[in-house]
Amino acid sequence: MRTAVCPQCGAPSKLDAGNPSRPFCSERCKLLDLGAWFDGRHAIPAAPTDEDGNPDTELNE
Ligand SMILES: [Zn+2]
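Residue numbers (this note's numbering): -16 to 44.
Structure representation (structure tokens):
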């Protein structure tokens, strides 16, 4: 049986026909991963965060 690591939770997932959610370990992880895409958590930030240190750009109106 082929197994892989679930991209969502890191648990072992089965890569056989009995797992319709493969490569995820479960339907729940599959949906969570899709949700992450829609939330933009997988997206690369286009703008620098304020950790670079100019907080007054947002506060100075
Ligand atoms: Zn999982």
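Ideal Cβ placement from N, Cα and C applies to all residues, glycine included.
Query	Result
Within 10 Å of its beta-carbon, does F21 have 16 or more other beta-carbons around it, so buried, or fewer, so exposed?	exposed
What is the rounded straight-line gap between the Cα of T(-14) and the Cα of A19?	23 Å
Leaving out five residues on either side along the sequence, give the residues of the same chain with a beta carbon under 6 Å from the beta carbon of C(-11).	S(-4), F7, C8 and C12
For chain C, find out if any of its Cβ atoms is closer than 8 Å to the Cβ of R5; answer yes or no.	You won't find chain C in this structure, because it holds only one protein chain.
What are the start and end residues of the beta strand (DSSP E) that includes A(-13)?	T(-14) to V(-12)
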